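Chains as they are written, first to last, in the numbering used here: chain A, 6 to 98; chain B, 238 to 465.
What follows is the structure, encoded as structure tokens:
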């Protein structure tokens, strides 16, 4: 069996992209908890709706950032893969 | 997958440097033109505004009032930055929503968001130095000098997270919408992407513009207000 090394690199990059977006798991749980707690707070104290919403959006943005780092790594691997170029360079040598 | 890339059209030589004109730049020129035209029109119409607003005047007054309500509690007193953040949110909002009009959102380009994040970074530290004075420098060595590198890293992380958050959100939404367009067959192309456009180009975009401004203002307030 003769495996093309470039194919292995590209396949592993695709797998890596899939693994990278798994960072959304933790962010999703965190955002759910934050929204739930904010809803609780508003339910207990409806007049504090404005400040609670602002704090919630800030927390959501923070939690979302961690997911976005994974997403950016996935984009990098899919659209601007640094490994395939190097591999082609190695093969052509 | 070619839609993920910023298409390069032609280059303009300026001072021996080549400025590459990309999709981002062209759509930003259009957006900037629209913003300048609207602001000039409003400025020219300003003397004719009446005490009892009607029509367009209502819209403008609502926008200004909303922005005032947003900056009021979030910025330190008498910072003079309300106008700046009005501008930032207007540009970011229009840029993020421009995907609706078939343009490539300029915010799907890291250099664009990085420019805004770096401006916010300088504003944060300028306000910190001028407002909190020596408390600003004391913050870096609390509780001990040993923590100085950690404080410095967390300061560098602020513009990074600000720019990557906006960039990642908008680029992600843009790529997903382009994928949907290339996936669905021709006759369904008129209706299928509508909910996705609504979510990614309207809701998430507006939210990201809002979050960028709110976070910048909160950081500015954190740095410039001294707690006793």
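Just so you know, even glycine gets a beta-carbon here, dropped at the ideal spot from N, CA and C.
Every value quoted in this text rests on a predicted model; they were computed, and no experiment measured them.
Anticipated Cβ contact below 8 angstroms, residue 264 (chain B) with residue 357 (chain B), distance rounded: Residue 264 (chain B) to residue 357 (chain B), Cβ: 22 angstroms. No contact.
Would you give the residue range spanned by the beta strand (DSSP E) that residue 316 (chain B) belongs to? Unbroken run through residue 316 (chain B): none, as it is neither H nor E.
Residue 293 (chain B) - DSSP class collapsed to helix/strand/coil: In this structure, residue 293 (chain B) counts as helix in the three-state DSSP scheme.
N-terminal and C-terminal residue of the alpha helix (DSSP H) that residue 258 (chain B) is part of: No alpha helix (DSSP H) contains residue 258 (chain B), which is instead part of the beta strand (DSSP E) from 254-259.
Of the residues B:298, B:268, B:279 and B:327, which one's Cα is nearest the Cα of residue 339 (chain B)? Here the closest residue by C-alpha is B:268.
Straight-line gap, residue 401 (chain B) to residue 66 (chain A) (C-alpha atoms, nearest Å): 11 angstroms
Between residue 350 (chain B) and chain A, is the shortest Cβ-Cβ distance under 8 angstroms, so that the two count as touching? no
Kindly list the residues whose CB is nearer than 8 angstroms to the CB of residue 8 (chain A), restricted to its own chain and excluding five residues on each side of it in sequence; keep chain order. none
Any C-beta of chain A sitting closer than 8 angstroms to the C-beta of residue 402 (chain B)? Yes, because at least one Cβ of chain A sits closer than 8 angstroms to the Cβ of residue 402 (chain B).
Bridge partners of residue 245 (chain B), per DSSP? B:259
Listing by chain order, which chain A residues have their CB less than 9 angstroms from the CB of residue 409 (chain B)? 73, 76, 77 and 80
State yes or no: is the C-beta of residue 113 (chain A) within less than 8 angstroms of the C-beta of residue 381 (chain B)? Beyond the ends of chain A as shown, which are 6 and 98, falls residue 113 (chain A); an answer cannot be given.
As assigned by DSSP and simplified to three states, the class of residue 250 (chain B): Correct three-state label for residue 250 (chain B): strand.
Check whether residue 458 (chain B) and residue 365 (chain B) have beta carbons under 8 angstroms apart: no
Partners in chain A for residue 406 (chain B), counting only beta-carbon separations shorter than 7 angstroms: 73
N- and C-terminal bounds of the alpha helix (DSSP H) containing residue 381 (chain B): Element bounds for residue 381 (chain B): n/a, residue is neither H nor E.
Cβ of residue 272 (chain B) within 8 angstroms of Cβ of residue 331 (chain B)? Going by C-beta atoms, residue 272 (chain B) is nearer than 8 angstroms to residue 331 (chain B).
Counted within 10 angstroms of its Cβ, other Cβ atoms place residue 295 (chain B) as buried (16 or more) or exposed: By the Cβ-count criterion, residue 295 (chain B) is exposed, with fewer than 16 other Cβ atoms from all chains shown falling within 10 Å of its own Cβ.
Below 8 angstroms, can you find three or more Cβ-Cβ pairs linking the stretch 442-458 of chain B to the stretch 315-334 of chain B? yes
Whole-angstrom distance between residue 18 (chain A) and residue 306 (chain B), CA atom to CA atom: Those two C-alpha atoms are separated by around 47 angstroms.
Measuring only between beta-carbons, confirm whether residue 62 (chain A) sits less than 8 angstroms from chain B. yes
Of the listed residues B:463, B:453 and B:430, nearest to residue 418 (chain B) (C-alpha basis): B:430
What residues from chain A crowd round residue 452 (chain B), counting only those whose CB sits closer than 8 angstroms? What residue 452 (chain B) touches in chain A: 63 and 66.
Along chain A, which residues have their Cβ under 7 angstroms away from the Cβ of residue 455 (chain B)? 63
Check residue 9 (chain A) in the structure and name its three-state DSSP category. coil
In chain A, what lies closer than 8 angstroms to residue 361 (chain B) by C-beta? Here the premise fails: no neighbours, minimum Cβ distance about 15 angstroms.
How far does the alpha helix (DSSP H) with residue 48 (chain A) in it extend, from its first residue to its last? 28-49
Let's test the definition: count the other Cβ atoms within 10 Å of the Cβ of residue 435 (chain B) and tell me whether it reaches 16, buried, or not, exposed. exposed
Within 8 angstroms of chain A by C-beta, residues of the stretch 428-448 of chain B in sequence order: Only 444, 447 and 448 from the stretch 428-448 of chain B bring a Cβ to less than 8 angstroms from some Cβ of chain A.
Cross-chain neighbours of residue 398 (chain B) in chain A, by beta carbon under 7 angstroms: 70
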